[in-house]
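Residue numbers (the working numbering): 1 to 170. Just so you know, even glycine gets a beta-carbon here, dropped at the ideal spot from N, CA and C. These notes concern the structure reproduced below.
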Amino acid sequence: MNLNRLLLAFCATILFASCKKETASNSSNPVDSSSLIVYNVNKTSMLQLINQQRAKGCTCGTTVMPAVAPLTWNDLLGKAAYDHSLDMKTNNYFAHNSQDGTTPGTRITAAGYSWSTWGENIAEGYTDEQSVMTAWINSPGHCMNIMNGSFKEIGFGRSGNYWTQDFGTK
1 MNLNRLLLAF
11 CATILFASCK
21 KETASNSSNP
31 VDSSSLIVYN
41 VNKTSMLQLI
51 NQQRAKGCTC
61 GTTVMPAVAP
71 LTWNDLLGKA
81 AYDHSLDMKT
91 NNYFAHNSQD
101 GTTPGTRITA
111 AGYSWSTWGE
121 NIAEGYTDEQ
131 SVMTAWINSP
141 GHCMNIMNGS
151 FKEIGFGRSG
161 NYWTQDFGTK
């Protein structure tokens, strides 16, 4: 009997800690001190998934995409991506152009990133990095952004189940 109560108390503690962590990740500063979670995305995992795909190449729809150099993280692109995900969630829409008419290029510039080229992937409804990456790789246009050798940097962000990847080259 005492073992059951102890187990129940342990489970309740884990549940409470999980709820508390989720609340913290949705705060106005969604970056944890370890830098593992950046803009509500596991930065290490997402970069690894992206760069593993870029290293081996793939076929996007019917277009064969060769292996390309890895992308590096850029916090300005990350902030632009997160802000767009948050806007889509807050205003309940799903589109590259914001409801106020701003485009991805406009948002990336407003975040302070001086680009010569940019790209954007968005997704809705996925709960983790692997599932959203699988969906993007299975979508020819999104896949081609991931495999585009012209892009040198990336930032990404998530709010709820709204995801954005912003690609760029200075």
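- Judged by DSSP in its simplified three-state form, Trp-115 adopts coil rather than helix or strand.
- Per DSSP, the unbroken alpha helix (DSSP H) holding Val-132 starts and ends at 129 to 137.
- A direct Cα-Cα distance of roughly 7 Å separates Gly-105 from Trp-118.
- Between the alpha carbons of His-84 and Phe-151 lies a gap of roughly 20 Å.
- For secondary structure counted as the beta strand (DSSP E) over 3 or more consecutive residues, the segment 43 to 100 holds these complete runs in sequence order: 58 to 60 and 63 to 65.
- Distance between Thr-169 and Gly-78, taken at the CA atoms: about 14 Å.
- The beta carbons of Asp-75 and Gly-155 sit about 7 Å from each other, so the pair counts as a contact at 8 Å.
- For the pair Lys-89 and Tyr-162, the CB atoms are nearer than the 8 Å cut-off.
- Per DSSP, Tyr-126 has no beta-bridge partner at all.
- Going by beta carbons, Ala-69 and Gly-125 fall outside the 8 Å limit.
- About 7 Å separates the Cβ atoms of Glu-120 and Thr-164, confirming a contact at the 8 Å cut-off.
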